[in-house]
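Engineer: Following this message is one structure expressed as structure tokens.
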């Protein structure tokens with residue numbers, strides 16, 4: 784059994800396999816001239832902080848980045864008393880890269896949602912909603928990075 788495992792590792796290591804989402808240290812930061820955030824500023828700022836963009840304001844030849852983010856939390860279902868039993872968080876983000884003439888070079892729209900049960904403890908429920916929002920943002924950022932580099 785050990786020999787089979789070592790043979791498998793040897794084959795896997797020699798075939799050039801790399802995970803798709805592997806952090807690449809050779810990735811160069813993309814340079815932009817200006818940033819515009821439309822919609823939910825908290826979502827837009829969190830997304831921008833995780834993207835590989837460097838803001839250089841004094842170079843007029845660089846592209847512009849526009850991030851449009853929207854968040855919606857709604858009640859998915861109620862019990863017989865009319866109390867909410869589950870909620871749905873919906874995030875929608877649109878990324879636009881514009882050239883110096885404000886023409887669209889690239890754009891990507893990503894929507895993510897997650898449905899979850901309610902909690903009677905309001906503090907714990909709000910923390911859970913924030914954690915869900917952070918996870919959805921991380922998923923969106925991952926898709927944007929894959930779109931930009933591939």
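In the numbering used here, the protein residues as written are 784 to 933. Positions of the beta carbon are idealized from the N, C-alpha and C atoms, including for glycine. Just so you know, these numbers come straight off a predicted model, no measurement behind them.
Is residue 866 helix, strand or coil when you go by DSSP?
Structural biologist: Three-state result, residue 866: coil.
Engineer: Let's test the definition: count the other Cβ atoms within 10 Å of the Cβ of residue 881 and tell me whether it reaches 16, buried, or not, exposed.
Structural biologist: With 16 or more Cβ atoms within 10 Å of its Cβ, residue 881 is classed as buried.
Engineer: Just the C-alpha distance for residue 928 and residue 879, rounded to the nearest angstrom, thanks.
Structural biologist: Whole-angstrom Cα-Cα distance: 13 angstroms.
Engineer: Helix, strand or coil: which one does DSSP assign to residue 809?
Structural biologist: In this predicted model, residue 809 has a pLDDT of only 44, less than 50, meaning its place in the structure is not dependable; the value taken from the coordinates is given anyway. Here residue 809 sits in coil by DSSP.
Engineer: Does the stretch 913-925 come into contact with the stretch 871-878, if we say contact requires no fewer than three beta-carbon pairs (one atom in each stretch) closer than 8 angstroms?
Structural biologist: Yes, since at least three Cβ pairs between the stretch 913-925 and the stretch 871-878 fall closer than 8 angstroms, the two stretches touch.
Engineer: In this structure, how does DSSP classify residue 875 when only helix, strand and coil are distinguished?
Structural biologist: Correct three-state label for residue 875: strand.
Engineer: Just curious, the alpha helix (DSSP H) that residue 924 is in, first and last residue?
Structural biologist: Where residue 924 is concerned, the enclosing alpha helix (DSSP H) stretches over 905-932.
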